[in-house]
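Residue numbering for the sequence shown follows the numbering used here, beginning at 82 and increasing consecutively.
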Amino acid sequence: MNTTPEPDVDVPVIDMPLPPPGTMGPPEEYGRLRQECPLARIRLPIGATAWYATRYDDVKELVADPRLIRPSITDWPPRPGQAPGDEPGLITMMELEGPRHAALRRALSEPFSVRSIRSRLPRIRQSADHLLDPFVGGDQPGDLVVRFLEPFPVMVMCDLVGIPYEDSEYFLPKADAALGAILTLKEGREATSHLREYITSLLDRKRREPGDDMLTTLVRACEHGTLDHESAVSFGLSMLVAGYRTSTMFLADAVLTLLTLPGEYARLRDHRDLMPGAVEELLRYVPVMNGVVVLLAVEDIELHGRTIHAGDAVLPVLAAANRDGNVFTDGDRLDLCRADNPHLTFGRGTHNCIGAHLARAQMTVCLEALFDRLPDLRLAEGHQPIWEDDSPSKSPLTLPVSW
Ligand code: HEM
82 MNTTPEPDVD
92 VPVIDMPLPP
102 PGTMGPPEEY
112 GRLRQECPLA
122 RIRLPIGATA
132 WYATRYDDVK
142 ELVADPRLIR
152 PSITDWPPRP
162 GQAPGDEPGL
172 ITMMELEGPR
182 HAALRRALSE
192 PFSVRSIRSR
202 LPRIRQSADH
212 LLDPFVGGDQ
222 PGDLVVRFLE
232 PFPVMVMCDL
242 VGIPYEDSEY
252 FLPKADAALG
262 AILTLKEGRE
272 ATSHLREYIT
282 SLLDRKRREP
292 GDDMLTTLVR
302 ACEHGTLDHE
312 SAVSFGLSML
322 VAGYRTSTMF
332 LADAVLTLLT
342 LPGEYARLRD
352 HRDLMPGAVE
362 ELLRYVPVMN
372 GVVVLLAVED
382 IELHGRTIHA
392 GDAVLPVLAA
402 ANRDGNVFTD
412 GDRLDLCRAD
422 NPHLTFGRGT
432 HNCIGAHLAR
442 AQMTVCLEAL
452 FDRLPDLRLA
462 EGHQPIWEDD
472 SPSKSPLTLP
482 VSW
């Protein structure tokens, strides 16, 4: 591990821990950092520095601390050409605060509720079956990520939110462009402006042709004066850039985890009553949330004898908290029957994941559909998954399987 002193802060800076190449992780350093350096200072692959918290108790407090705000996902870390005080590029739901954020949460609480998601289960299952149909009786091996685990959450999100699935060919590349750090600021901003235009025109269409979907709910809230138009646009943008990606990664990593432990795959397939607890355990154990929640301090915060200064970035590492042995007995072991499981995968506080019930439903339906349709699913012999190793949050880009 490289350690270099940073001029303005009296704390050594380490490179951001990354999962070992060709794996989902977690990074090997979590255990040592939790024990010896619970508030570390790290340098991200793109050069910016941040505080890095790995203990359960700290992460739980920091992620809900009102002294920490969410920077726009296109504006931190700053990109070349970006000046402090520039207009933020992409405002999603996460950057809204105060009464506007509360109004949006209120408008969406019913459509994202357990009851509402439960009523959608047959349609979610239909999407899974539609994508799995070509596997049954099809050529083997096949790629489970590209043909199922990637399109499935996009299809479900589109149906629920009211975005035509066919349009994903248009918005997926633009969402990548808006988020992509390698593109110039100008290219990122152009992609963002196209996504804004797209969502605005979709909201107009819902006004003329209402549907049974979330955008229609938001249009009605705007008409009743309980929500402003910009907040509805922010929600639409959140869905275009983030309403499926985390789910895809979780599903791909969870399925790979189970296929790597064929006994556990068979146990869950044959004992479906274990499903609710098993889904919680997969959410805890699968280490995707390796530093994707980025916060900025608006005032000084003292922690473990160190000062997080106003303006500093802080990464509460949910995936590291989820393996903390002080809370989870034998935390590095997958235990599908784990009883007490207060994992932090969906965050906490006012910005906690509004899609948590949907994400649970997607994982449940995904596994049930695989068990029913491809009961002998296994990793394809002689074929390795492909990984993209630059990112701290990883899932296989391909998953060759036989069935
Ligand atoms: C396994 C899958 C998922 C995981 C692990 C996950 C995780 C998270 C986390 C940790 C946060 C809080 C971030 C913060 O504190 O800044 C969050 C927020 C959010 N998530 Fe999820 N998420 C998942 C799936 C989804 C899905 C399927 C949707 C919707 C279709 C969704 C929509 C949102 C939205 C809109 C927010 C922002 C909430 C707000 O700012 O009030 N998520 N998610």
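From the three backbone atoms N, C-alpha and C, an ideal C-beta is built for every residue, glycine too.
In this structure, the beta-carbon distance from Ala461 to Pro222 falls below 7 Å.
Just measuring C-alpha positions, the residue of Val92, Arg124, Pro101, Tyr137 sitting nearest Asn407 is Tyr137. In the structure shown, Val242 adopts helical secondary structure according to DSSP, grouped into three states. Tyr133 is bridged by DSSP to Ala121, Leu396. From the listed residues Leu99, Thr135, Cys418, Arg148, the smallest Cα separation to Leu125 is found for Leu99.
Look at Met236: its beta carbon is at least 6 Å from all of the heavy atoms in the ligand HEM.
Runs of the alpha helix (DSSP H) lying entirely within the region 375-423 and spanning at least 4 residues, in chain order: 399-402. Contact check for Pro192 against Met295 passes: the beta carbons are separated by less than 7 Å. Taking a 10 Å sphere around the C-beta of Arg187, we find fewer than 16 other C-beta atoms and assign the residue as exposed.
Contact between Leu355 and Leu349 holds, since their C-beta atoms are separated by about 6 Å, short of 8 Å. In its chain, beyond the 5 residues on either side, Leu349, Leu417 have a beta carbon closer than 6 Å to the beta carbon of Ala359. If you look at Val367, you'll find it isn't in any alpha helix (DSSP H); DSSP assigns it neither H nor E. Excluding sequence positions up to five before and after Val373, its CB lies within less than 6 Å of the CB of Ser474, all in the same chain and listed in chain order.
Taking the Cβ atoms as the reference, Arg201 lies roughly 7 Å from Leu241, within the contact range of under 8 Å. When secondary structure is reduced to three states using DSSP, Val237 falls in the helix class. DSSP places Ser476 in no beta strand (DSSP E); its state is neither H nor E. Straight across, the Cα-Cα distance linking Met97 with Ser472 is about 10 Å. From the listed residues Gly170, Glu142, Pro456, the smallest Cα separation to Leu276 is found for Gly170. Counting along the chain, Met320 sits inside the alpha helix (DSSP H) bounded by residues 310-323. Contact between Leu399 and Met370 holds: their C-beta atoms lie close to 4 Å from each other, under 8 Å. Arg115 counts as buried, since no fewer than 16 other beta carbons sit within 10 angstroms of its beta carbon. Bridge partners of Gly112 according to DSSP: none are assigned.
Not a single heavy atom of the ligand HEM lies less than 6 Å from the C-beta of Ile205.
The Cβ-Cβ distance between Glu383 and Ala391 does not fall below 7 Å. No Cβ-Cβ contact shorter than 7 Å links Leu439 with Ser315. Remark: the shortest separation between the CB of Thr445 and any heavy atom of the ligand HEM does not fall under 6 Å. With a cutoff of 6 Å, Leu439 counts as near the ligand HEM, since its C-beta is closer than that to a heavy atom of the ligand. Contact between Val482 and Leu225 holds, with the beta-carbon distance rounding to 5 Å and staying under 8 Å.
In the DSSP assignment, the residues bridged to Leu460 are Val482. Beta-bridge partners assigned by DSSP to Val217: none are found. Residue pairing by DSSP places Gly223 opposite Val482 in a beta bridge. Taking 6 Å as the cut-off, the C-beta of His432 counts as close to a heavy atom of the ligand HEM.
A direct Cα-Cα distance of roughly 31 Å separates Trp157 from Glu247.
Around Arg199, the same chain offers no residue with a beta carbon nearer than 6 Å, after the five sequence neighbours per side are excluded. One thing to note: Gly306 has its Cβ no nearer than 7 Å to the Cβ of Gly243.
Taking C-beta atoms under 8 Å as the contact rule, Arg148 and Ala378 qualify, at a distance of about 6 Å.
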